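Its first residue numbered 58, the sequence shown is counted upward by one per residue in my numbering.
Quick reminder that beta carbons are idealized off the backbone N, C-alpha and C, glycines included.
As the structure is a computational prediction, the values presented were derived from the model and not from experiment.
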Amino acid sequence: MFIPIYRKSNHINVHLTTPDTDIQNLIDEILDEISSIKKISNRSRAREALKKVILNLIHAERTKDCVRISRNKNDYGHHRMYGQIWLKYDRLIPIIDGLIELGYVEHLNGYWDKEKKTGYQTKIWASDRLRSRFFMVPATRNHKSIERAEPEQVIQLKDSSKKLVSYTPTKPIVLTRKRLEQYNEFIQEQYITVNLTEEVATDNEFWCHNLLNGLLNASYTLAGLKLNQELNITDTGTEHYHIVYINQEDSTNPKYILVPCSVPSTSSSTITSTHTPAPPSINTTTSTSSSSTSTLLSHIQTLIHLSSTKEKQPKPLIDKALMISNDELMEYFLNWLLFLNTGIKRGWDDKQIRQAYRSRSRLGKLGIAELVFRLKYEACHRVFNNSSFKNGGRFYGASHLDIPGHMRGFIRINGEPVVELDYDALHVVMLYHLRGIDIDLAQDPYDMIVGPEDRSIKKIALLTAINATTEAKAIQGIRKKLVDEGYREDILKDKALKSLIARAKLAHPDISDDVASGKGIELQNLDSRIADAILTNLMAENIPALPVHDSFIVPQQYEGKLRQQMLEEYEKILGFKPGVSKKEKRYFPKKWKNWN
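This is the structure in structure tokens:
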């Protein structure tokens with residue numbers, strides 16, 4: 058029996074949906090079985106809950122994961138105005154229990170250690186019985202069978218415990234909703250891709266958690282893939298072959314063909330250059346070290362070898378056309394991601410697994426000359442907090458917000474490279490301007506903090522402290538972010554963090570009262586109002602823009618227009634001129650200092 062590593066799990070994704078009739082029929086059949094042992098008061102609502110569970114189990118089956126379910130009723134609850142995309146406790150838990158009783162899911166009960174204040178939620182995964190039902194439905198194995206649904210309410214209000222609550226749709230709210238719905242319709246019409254070159258660095262966290270999950274839940278689609286090495290298949294009895302890219306009028310649907318090395322290349326679009334030795338073949342027993350170093354090229358080699366081998370005896374590929382279509386190459390790539398992900402999870406312990414996910418490499422070393430994936434889901438929703446439309450309101454949900462920050466410089470909108478403009482130290486500057494003080498923008502507000510720490514540490518400390526409601530929560534939040542950024546040892550101690558906060562206050566005495574005051578949620582409301590105006594105004598000029606909280610991405614030709622909008626809209630609300638800077642294009646994250 059397959060038992061996933063339960064510590065690697067995903068919370069149930071309520072946005073998954075499917076248009077596939079066979080999967081829909083499977084859901085209806087299983088619901089009939091559940092109805093025979095559980096009281097179902099509203100079949101259509103119960104069916105929606107079951108659909109979410111089944112689609113999440115299909116997704117987890119592909120990635121060898123499991124689904125995390127909360128049995129705490131306090132973690133649920135929302136007003137009916139938010140529609141069926143959200144799950145309620147009284148609707149979801151009977152479905153889960155029914156699946157368990159019918160033997161369709163295996164489960165591991167959650168627990169909570171009150172003394173250590175740690176634990177985990179209940180995990181579920183498909184049993185052999187359910188997997189056999191999946192096997193009878195081919196669509197469950199097709200990664201294109203699952204799609205992502207948009208929330209019915211793009212303006213969402215949460216209370217202090219982050220539960221969705223109802224609100225009265227006043228005229229300003231209705232207008233805000235209408236603007237966002239128009240923006241979503243407009244931005245979804247644009248063709249937005251991320252075009253990564255072989256110099257771009259990634260880690261396995263990106264491949265396995267971000268890209269793989271994004272492809273399987275329809276946040277992304279693969280739009281192009283070029284290899285940068287020869288495909289060595291000598292162990293099948295054939296000669297060496299180049300993979301050649303065949304240009305076509307439809308650049309979104311390229312073709313790849315294998316040609317013998319003896320045939321000279323006459324096209325500048327040839328993917329390969331000089332011959333390089335083939336990477337080591339993939340070890341299918343898989344340890345974290347082998348799975349983290351396997352290249353896409355070695356994986357394709359292995360697949361071709363397996364497909365051309367009969368009873369483990371190599372033979373020439375004389376019975377196959379030596380051609381890799383775009384679709385086949387994409388399938389090889391997705392297969393590699395699944396293989397890599399599964400291999401990493403077979404590590405012996407958590408530390409080994411974490412190390413495998415942190416394994417870094419440039420795309421070129423993986424055999425990839427160019428990787429293009431489309432940001433398929435760019436619709437945004439806005440979330441307001443503390444039951445108030447004066448708190449929060451930032452834009453969330455769009456696919457570009459999920460990709461690593463250093464990859465945003467490789468976005469293309471309708472084929473055109475982009476520029477990202479950022480407000481300088483936005484929340485710090487806002488606090489000064491709200492007090493009527495015109496801060497000297499030539500000074501870096503983070504470097505003004507005295508101490509030996511890096512600027513990045515000082516920035517994390519000040520911004521986190523501004524958002525925290527108490528100093529204790531500020532320390533907790535700063536520590537968590539520093540750990541996430543890879544910082545360790547002395548800087549994480551309470552004494553060091555208290556000193557850092559104190560020095561931040563000394564560096565900015567005029568706004569020291571705002572530190573650890575919870576002011577950040579109000580500042581988010583102001584920057585979200587500015588973002589709303591900028592996106593709306595640019596859309597009126599047919600200029601697509603992508604929001605990243607306090608920065609914006611537009612096609613390069615509109616850099617001037619964006620800068621003008623950012624300056625004007627900020628001044629309308631705060632009464633002062635802000636600083637606006639262009640973000641540099643990076644090939645690896647800033648936190649990977651001096652990485653090569």
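According to the DSSP assignment, leucine 580 belongs to the alpha helix (DSSP H) that extends over 577–597. Counted as a single uninterrupted DSSP element, the alpha helix (DSSP H) harbouring isoleucine 630 occupies residues 616–631.
Scanning its chain for C-beta atoms nearer than 6 Å, with the 5 sequence neighbours on each side dropped, one finds around tyrosine 248 the residues Asn471, in chain order. Counting the other Cβ atoms within 10 Å of the Cβ of valine 507 gives fewer than 16, which makes it exposed.
Rounded to whole angstroms, the gap between the alpha carbons of leucine 354 and cysteine 437 is 37 Å. Rounded to whole angstroms, the gap between the alpha carbons of isoleucine 157 and asparagine 82 is 20 Å.
Unbroken alpha helix (DSSP H) runs of no fewer than 4 residues, entirely contained in the stretch 146–215, are found at 146–158, 185–192, following chain order. Taking glutamate 256 as the centre and dropping the five residues before and after it, the same chain places the C-beta of Arg419, Leu420, Gly421, Tyr644 closer than 8 Å to its C-beta, in chain order.
Excluding sequence positions up to five before and after glutamate 118, its CB lies within less than 6 Å of the CB of Ala183, all in the same chain and listed in chain order. Within its own chain, the residues whose Cβ lies closer than 6 Å to the Cβ of glutamine 581, once the five positions on either side in sequence are excluded, are Gly449, Arg451, listed in chain order. For lysine 640, there is no enclosing beta strand (DSSP E), as DSSP marks it with neither H nor E.
Contact annotation: methionine 138 and serine 223 have beta-carbon atoms nearer than 8 Å. In the three-state DSSP reduction, valine 486 falls in the helix class (H, G or I). With a 10 Å radius around the Cβ and a threshold of 16 neighbouring Cβ atoms, tryptophan 393 comes out buried.
For phenylalanine 430, the secondary structure class from DSSP, reduced to helix, strand or coil, is strand. Leaving aside the five residues that flank lysine 538 on each side, the residues in its chain whose CB is nearer than 7 Å to its CB run, in chain order, Ile517, Thr521.
Counting other Cβ atoms within 10 Å of its Cβ, glutamine 210 reaches 16 or more and is therefore classed as buried.
Sequence-distant partners of leucine 237 (beyond 5 residues in either direction) whose C-beta falls short of 6 Å from its own C-beta, in its chain, are Val211. Between histidine 116 and lysine 220, the C-beta gap is not smaller than 8 Å, which leaves the two residues out of contact. Every beta strand (DSSP E) of 3 residues or more that sits fully in the stretch 212–282 is shown, in chain order, as 212–214, 249–254, 258–260.
If you draw a 10 Å sphere on the C-beta of threonine 197, you find 16 or more other C-beta atoms in it, and that means buried.
If you compare the alpha carbons of Asn199, Glu204, Asp216 with that of valine 440, the shortest gap goes to Asp216.
Take the alpha-carbon of tyrosine 434 and the one of alanine 206: they are about 9 Å apart. Residue pairing by DSSP puts isoleucine 468 in a beta bridge opposite Val251. Excluding sequence positions up to five before and after serine 638, its CB lies within less than 6 Å of the CB of Asp479, Asp481, all in the same chain and listed in chain order. If you check the CB distance, leucine 557 and arginine 536 do not come in under 8 Å. When secondary structure is reduced to three states using DSSP, valine 110 falls in the helix class. In this structure, the alpha-carbon of proline 474 lies about 32 Å from that of asparagine 70. Its Cα nearest to that of isoleucine 460, the residue Gly271 stands out among Asp541, Ile587, Thr352, Gly271.
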